[in-house]
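S.K.: Protein chains in written order, with the numbering used here: chain B, 32 to 518; chain D, 871 to 1348.
Each residue gets a CB set at the ideal place from its N, CA and C atoms; glycine is no exception.
In this text, all values refer to a predicted model and were calculated from it rather than measured experimentally.
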Amino acid sequence: MAAPSPEVMARYEAVIGLEIHAQLATATKIFCGCPTGFGAPPNTNVCPVCLGMPGALPVLNREAVELAIKAGLALNCAIRPRSRFARKNYFYPDLPKGYQISQYDEPLAEHGYVDITADGHAMRIGITRVHMEDDAGKSIHDGFKDSDRYSYVDLNRSGTPLIEIVSEPDMRSSSEAYAYLAAVKQVLEFVEVSTCDMEKGHLRCDANVSVRVKGADKLGTKAEVKNLNSFRFLKEALDYEIVRQIALIENGGRVVQETRLYNPDTGETAGMRSKEEAHDYRYFPEPDLVPLRVSESWLARVRSGMPELPARKRARFISDYGLREYDADVLTQTRAASEYFETAARVSGDPKTAANWVMGDLMGMLKAAGKEISESPVSAANLGDLVKRMATGELSGKLAKDVFAKMFAKGEPASAVIEREGLKQISDTGALEKIIAEVIAGNPKQVEQYQGGKTTVINFLVGQAMKATRGQANVAVVTDLLKQKLG
Amino acid sequence: MDVSSLTIERVRKGLLGREFSACELAAEALRFAEAENPKTNAYLRLAPERAMAAARRVDEQLARGEDPGPLAGVPVAVKDVILTKGVTTTCGSRLLEHYVPPYDATAIARLEQAGGVILGKTNCDEFAMGSSNENSAYGPVRNPVALDRVPGGSSGGSAAVVAQGTAVVALGSDTGGSIRQPASFCGVVGVTPTYGRVSRYGLTAFASSLDHIGPLGKTVRDTATLLGVIAGRDPSDATSADAPVPDYTAALDGQVKGLKLGLPREYLKDVASESGDLMARGVDVLKKLGCDVREISLPATDSAVACYYIIATAEASSNLARYDGVRYTFRSGSAETLSDMYRNTRGEGFGAECKRRIMLGTYVLSAGYYDAYYLKAQKVRALIARDFANAFQEVDAIVAPVSPFPAFKLGEKVDDPLAMYLSDIYTITGDLAGIPCMSVPCGKTAEGLPVGMQILTRHFDETTMFRLADAFEKAGTA
């Protein structure tokens, strides 16, 4: 089928809603005391409850509820005083109970939103609901000698606490969906509800996609696209799916409601066999758990423990520190970066310079070293101290860069590097006059050129003086002295 | 030593008086059970190692002068739906033929902590689904009172071992009458406590919102003692109640004069004449004890069977999903694909009654049927609970038949599941309301078949129930 022309594409709009699953950062599972750690040998972090043994019963983890409430608040949701768990019934080898314990008609949180900026436009994306549920185990279909005949099951993940965040169908393009996922991820990381590590599957995403002619009231038939477990996959899959649906309609076809799987190798989505997706989950209230009640006082306690959220922090960085919007954006991407910056800014007394250093030298070197900001060898206070030394003229910009590189390599404060290497800036005219006399004596040809009117030669002479002091000389003082001498 | 007539009190006296040691008693009880069991098939297996280890602990405690607990040395039988660590637990199903649980049910741990000696596991209807014990994958149980008759179900094995004397007391489970009906059929005492009174942790789920663990014994006192041991809040069961557990045996003081008792008229119309006569005589005994008996009405009773078989099967269809051939169950060897593996495993593994209930439950939860069946049944359940709440404004306890008829012949009703379901009518209401209820022997028919009388009281008021049952028991019956 031929791809539709840009003119045809322009007549349509896509309608996109996302379902985001985030793993809650609890120490133990949602319904038992097993650890949630990643990377343990298969089937070792398990007990009768998460193995689905006969007679085993779930007991709700309070810490998981608190994190889910935090997520709900951070996403501007109303928290229901009474919510309820329900069983979602289906058969799969990595689902040991034969049902998932989720929330259905009475979710924990609902009616929220997040504000995003996409393609230069600010917009608000509605959040229908945030509910809690347990994760299944993992089926492993490859990598064993007998993988042609058998699949293996690892139940370490079974019972890991998740929240599912369901958006309204408010997005109209893959870049809006991308921005929305980024905003949700940022908020969840900020409130420390989830590490959102997509490589470890701590954040997973499915999309509901339909298209319609612009201006139409009615929604088109939607397809659910699964397996969008990175930002790139989300964008590629949505772009592919939107074109596919428009082409289908343009060619006289009809979109069927189905579940489609994104294949990152081909960049395409493909319908799952109807047998695999023909699920009637037969939801009913989970009789093993009593309804979840969130009292006013519990909610107030969780609310009071909430950190400042990214949008608010960003606004404050602009108003209090005079940062540019772009800089404020970058510095509020993660809670760690924002806290690093604020500490460095406070110590330095020069927030704008501190911001430049965090975004420039620090982030560049961290990236090159493959480190997170939380693992930075240079502490925020030490970077602030370095910036302060620059501001007071103790270090030149060039010297500061050298000092910083050494601080980064060895994890030392600036004072230690400066002390050991004798790297203080030389501004003392007495000390510099001797060096300048040597430069003038050693470069008669250039001195002659300068005095002959070619004043740009002064840069060469300054460079010679800097070289002689291994960069420690104060450039401004050297230049002044040279001009005086050569008068 | 005649182990067949022992009670908890008698065992305690014998141990403290050094008439016998706990080990001697356990060994003799095991020997007797093994010798007698072929008559009834009531035990699926004995657990001699576990029993002797428990008995040794009791003897050691006695030797050190410590109190070995209220169940010291008492031989207890346990229905095979309750998990026992290291002792195969089949739930009467082929699917769990080789399942050895890695943990103990909370009731089991408490029972052994109190000095109880678990002799073995008793036969039952598969996954506790049945009213005759004919749905066990390991053959039916015969009623020790009349060997050609059923012991009732689903806790038929537990009722039979108490009646036969091959255990002093037993644990059963009750979802719609599975303790009271077999107790009635076998002429023993059977108790379904308030929902939430005893932890369900380690009880294989049939219908989670209706499942109870409860005691069976020869006397009201024995069941009161056993319930006192296993009752109480358990952090492993979110539905277990945080209500204080009174000393039930302290209430067995005969003080029933002036108690107001209700006789629900809806429970009397379809009772077989002999059972009805025995019931009437029982009521006369209560009147002579000074109770104030009046007729009451529980109008939602007619809808109870339909309501129960929707809720119970809906929950069962989900609870039984885990027996899928993937992990600890039997797995069919004849499958090539995953869906065939599920189909064949469950097709070959489950008996007819379980399949029937899984299908019913799956149907009532299906898209488009949920509101008409499951949701409506929940509303009826609320009406049934309200009936009882209204009645208990007026009376302290309700007295009723347990079953419309006494123990029937093996095979007599197996081909008519609907008739079997309808016979649960008097017991399922108590489970739906979650109130305590019990069966206490009320005499025998001309053929010598026992008939039980049911006593129901308010939530968490087991005390009144035991007090009344004990006074009735002591007053004797015709």
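At which residues does the beta strand (DSSP E) containing T1334(D) begin and terminate?
M.R.: Residue numbering aside, residue 1334(D) sits at position 464 when the second sequence is read from its first letter. Note, T1334(D): premise wrong, no beta strand (DSSP E); alpha helix (DSSP H) at E1332 to A1345.
S.K.: Scan the segment 1319-1334 of chain D for residues whose Cβ lies nearer than 7 Å to a Cβ of chain B and list them as they occur along the chain.
M.R.: The segment 1319-1334 of chain D vs chain B, Cβ under 7 Å: nothing.
S.K.: Going by the CB atoms, is the gap between L1097(D) and P1085(D) shorter than 8 Å?
M.R.: Within the second sequence, numbered from 1, the residue matching residue 1085(D) stands at position 215. Within the second sequence, numbered from 1, the residue matching residue 1097(D) stands at position 227. Cβ distance < 8 Å, so P1085(D) and L1097(D) count as in contact.
S.K.: Could you check what DSSP says for I277(B) in three-state terms: helix, strand or coil?
M.R.: Residue mapping note: residue 277(B) aligns to position 246 of the first sequence, counting from 1. Three-state DSSP puts I277(B) in a helix.
S.K.: Going straight from the alpha carbon of A1348(D) to that of V1015(D), what length do you get?
M.R.: To locate residue 1348(D), count along the second sequence from 1; it is residue 478. To locate residue 1015(D), count along the second sequence from 1; it is residue 145. Any answer about A1348(D) is weak, because its pLDDT of 43 lies below 50 and its placement is not dependable; what the coordinates show is given next. Each residue's alpha carbon lies about 18 Å from the other.
S.K.: Along the segment 130-151 of chain B, where does the CB come closer than 7 Å to a CB of chain D? Name the residues.
M.R.: So the close ones are Y130.
S.K.: List, in chain order, every chain B residue whose beta-carbon is nearer than 7 Å to that of L1235(D).
M.R.: By 1-based counting over the second sequence, the position of residue 1235(D) is 365. Going along chain B in sequence order, the residues near L1235(D) (Cβ under 7 Å) are R313 and F315.
S.K.: List, in order along the chain, the chain D residues whose C-beta lies closer than 8 Å to that of K128(B)?
M.R.: Against the first sequence, residue 128(B) aligns to sequence position 97. The contacting residues are A1191 and R1192.
S.K.: Rounded to whole angstroms, what is the Cα-Cα separation between S1025(D) and A912(D)?
M.R.: Taking the second sequence and counting its residues from 1, the one referred to as residue 1025(D) is at position 155. Taking the second sequence and counting its residues from 1, the one referred to as residue 912(D) is at position 42. Rounded to the nearest angstrom, the two C-alpha atoms are 10 Å apart.
S.K.: So, is the C-beta of A1348(D) closer than 8 Å to a C-beta in chain B?
M.R.: Within the second sequence, numbered from 1, the residue matching residue 1348(D) stands at position 478. With a pLDDT of 43 at A1348(D), under the threshold of 50, the modelled position of that residue is not reliable, and no figure is offered here.
S.K.: Which of the three DSSP states, helix, strand or coil, is assigned to K991(D)?
M.R.: Residue numbering aside, residue 991(D) sits at position 121 when the second sequence is read from its first letter. K991(D): strand per DSSP, three-state reduction.
S.K.: Under the rule that 16 or more other beta-carbon atoms within 10 Å means buried, what is R275(B), buried or exposed?
M.R.: As a working note, residue 275(B) is residue 244 in the first sequence. So R275(B) ends up on the buried side.
S.K.: State the Cα-Cα distance for the pair P89(B) and L1148(D), rounded to the nearest angstrom.
M.R.: Counting from 1 along the first sequence, the entry for residue 89(B) is found at position 58. Counting from 1 along the second sequence, the entry for residue 1148(D) is found at position 278. If I take the Cα positions, the gap works out to 45 Å.
S.K.: Buried or exposed: where does N1005(D) fall if 16 or more other Cβ atoms within 10 Å of its Cβ makes it buried?
M.R.: For the purposes of this step, residue 1005(D) is taken as residue 135 along the second sequence, with counting starting at 1. Buried.
S.K.: Against T1095(D), what residues of chain B qualify as contacts under a CB-to-CB distance less than 9 Å, listed in chain order?
M.R.: Looking up residue 1095(D) in the second sequence gives position 225. Per Cβ cutoff of 9 Å: no residues; T1095(D) is ~24 Å from chain B at best.
S.K.: Quick one: what does DSSP say R1328(D) is sitting in, helix, strand or coil?
M.R.: To locate residue 1328(D), count along the second sequence from 1; it is residue 458. In this structure, R1328(D) counts as coil in the three-state DSSP scheme.
S.K.: Starting from C1307(D), follow the beta strand (DSSP E) in both directions and report where the run begins and ends.
M.R.: Position 437 of the second sequence holds residue 1307(D). Its beta strand (DSSP E) spans residues C1307 to K1314.
S.K.: Report, in whole angstroms, the separation of the C-beta atoms of L454(B) and M438(B), which I expect to be a contact under 8 Å.
M.R.: Taking the first residue of the first sequence as 1, we reach residue 454(B) at position 423. Taking the first residue of the first sequence as 1, we reach residue 438(B) at position 407. Incorrect: roughly 12 Å between the Cβ atoms, too far for contact.
S.K.: What separation, rounded to the nearest whole angstrom, lies between the Cα atoms of H172(B) and L259(B)?
M.R.: Translated into positions along the first sequence, residue 172(B) becomes position 141. Translated into positions along the first sequence, residue 259(B) becomes position 228. Taking the straight line from one Cα to the other gives about 19 Å.
S.K.: Given that F122(B) touches chain D, what residues does it touch there, using C-beta distances under 7 Å?
M.R.: Within the first sequence, the letter at position 91 stands for residue 122(B). Residues of chain D passing the Cβ test: A1191, D1194 and Y1212.
S.K.: Using a Cβ-Cβ distance cut-off of 8 Å, determine whether D319(B) contacts chain D.
M.R.: Residue numbering aside, residue 319(B) sits at position 288 when the first sequence is read from its first letter. Yes, D319(B) lies at the interface with chain D (some Cβ there is under 8 Å from its Cβ).
S.K.: Considering only their Cβ atoms, is the gap separating M163(B) from A99(B) smaller than 8 Å?
M.R.: In the first sequence, counting from the first residue as 1, residue 99(B) sits at position 68. In the first sequence, counting from the first residue as 1, residue 163(B) sits at position 132. It is a contact, given that the beta carbons lie within the stated cut-off.
S.K.: Could you spell out the range, first to last residue, of the alpha helix (DSSP H) harbouring S20(B)?
M.R.: Given that chain B is displayed from residue 32 to residue 518, the structure contains no residue 20(B) and the question cannot be resolved.
S.K.: Rounded to whole angstroms, what's the CA-CA distance from G1217(D) to C1224(D)? Just pull it up for me.
M.R.: Indexing the second sequence from 1 puts residue 1217(D) at position 347. Indexing the second sequence from 1 puts residue 1224(D) at position 354. The straight-line gap from Cα to Cα measures roughly 10 Å.
S.K.: Have a look at the DSSP bridge pairing and note the partners of P66(B).
M.R.: As a working note, residue 66(B) is residue 35 in the first sequence. Per DSSP, T59(B).
S.K.: My output table needs one value for Y293(B): the three-state DSSP class, helix, strand or coil.
M.R.: The sequence position of residue 293(B) within the first sequence is 262, counting from 1. Y293(B): strand per DSSP, three-state reduction.
S.K.: Use the C-beta contact count for P1021(D): other C-beta atoms within 10 angstroms, 16 or more gives buried, fewer gives exposed.
M.R.: On the second sequence, residue 1021(D) is found 151 positions in, with the first residue counted as 1. Counting Cβ neighbours within 10 Å, P1021(D) comes out buried, since at least 16 surround it.
S.K.: Of all the options V873(D), G935(D) and S1001(D), which has the alpha carbon lying nearest to the alpha carbon of P1274(D)?
M.R.: By 1-based counting over the second sequence, the position of residue 1274(D) is 404. Measuring from the Cα of P1274(D), the nearest candidate turns out to be S1001(D).
S.K.: Does the distance from the C-beta atom of A386(B) to that of L354(B) stay below 8 Å?
M.R.: Counted from its first residue, the first sequence places residue 386(B) at position 355. Counted from its first residue, the first sequence places residue 354(B) at position 323. Taking 8 Å as the Cβ cut-off, A386(B) and L354(B) qualify as a contacting pair.
S.K.: When the cut-off is 8 Å and only beta carbons count, does L914(D) lie next to chain B?
M.R.: Along the second sequence, one-based indexing puts residue 914(D) at 44. Not one chain B Cβ lies under 8 Å of L914(D).
S.K.: Can you say whether M337(B) is buried or exposed, counting buried as having 16 or more other CB atoms within 10 angstroms of its CB?
M.R.: Position 306 of the first sequence holds residue 337(B). When all chains shown are included, M337(B) counts as exposed.
S.K.: Pairing CB atoms from the segment 911-930 of chain D with CB atoms from the segment 499-516 of chain B, are three or more of them under 8 Å?
M.R.: Not touching, per the Cβ criterion.
S.K.: Below 7 Å on C-beta distance, what does E1185(D) contact in chain B?
M.R.: Taking the second sequence and counting its residues from 1, the one referred to as residue 1185(D) is at position 315. Result: P318.
S.K.: Going by the CB atoms, is the gap between A56(B) and P66(B) shorter than 8 Å?
M.R.: Numbered from its first residue, the first sequence carries residue 66(B) at position 35. Numbered from its first residue, the first sequence carries residue 56(B) at position 25. In this structure, A56(B) does not lie closer than 8 Å to P66(B) by Cβ.
S.K.: What's the call for N187(B), buried or exposed, on a 16-neighbour Cβ count within 10 Å?
M.R.: On the first sequence, position 156 is the one that residue 187(B) refers to. Looking at its Cβ environment, which holds 16 or more other Cβ atoms inside 10 Å, N187(B) is buried.
S.K.: When the Cα atoms are used, what is the spatial distance from K1130(D) to R111(B)?
M.R.: Residue 1130(D) sits at position 260 when you count from the first residue of the second sequence. Residue 111(B) sits at position 80 when you count from the first residue of the first sequence. So the alpha carbons of these two residues sit roughly 43 Å apart.
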